[in-house]
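Beneath this line is the structure, given in structure tokens, with notes to follow.
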Amino acid sequence: MTEPLLDVRNLSVQFTTRNGRVTVLDDISFSLERGERISFVGESGCGKSMTALALMGLLPAMGKVTGGEVRFKGEELTTASESRMRLLRGNEISMIFQEPMTSLNPVFTIGRQIAEVLQLHRGLDGKAAMARAVDLLEAVRIPNAASRI
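Count the sequence shown with our numbering and you get residues 202 to 350, in order.
Right, dumping it as structure tokens:
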């Protein structure tokens, strides 16, 4: 029997507030096999996004995993270094944020924002990252990609 692609066991997260600690996830468990998809459905505030943020090591500063395990391809993620998580995020694991209008910042060019991801997650230098950004925009049929970046 092979191990699951993602195995979450008894995951708990707490936030430290001025009124003390608040448990925001309590004993979450699930697994995901290769080729499977999973969907979290629930009312606003029930922990869907917080679960994904915890899995990816993207909790806000006041948040902390206080229990459980998160194994991706057998590797424990709750104790992984930030540099290791940066290699995994975007290359191996990712999430689709629920508010797409906050995904791009209108203050920065689209090219700069795509290139930043490629530099952080793929190790490309600035010039190579911008060239790849053009390739990606062309791949999704954005007209005049080179001038739009």
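From the three backbone atoms N, C-alpha and C, an ideal C-beta is built for every residue, glycine too.
- Asp326 sits in coil when the DSSP states are folded into three classes, being neither helix nor strand.
- Annotation: the continuous beta strand (DSSP E) that includes Lys265 extends over Gly264 to Phe273.
- Straight-line spacing of the CA atoms in Ile315 and Ala330 works out to 8 Å.
- Shown here, Arg219 sits in coil according to DSSP, grouped into three states, outside any helix or strand.
- Setting aside the 5 residues that flank it on each side, Arg333 is surrounded in the same chain by Leu319 and Leu325, each with a C-beta closer than 7 Å to its C-beta; the list follows chain order.
- Taking C-beta atoms under 8 Å as the contact rule, Thr252 and Gln215 fail to qualify, at a distance of about 14 Å.
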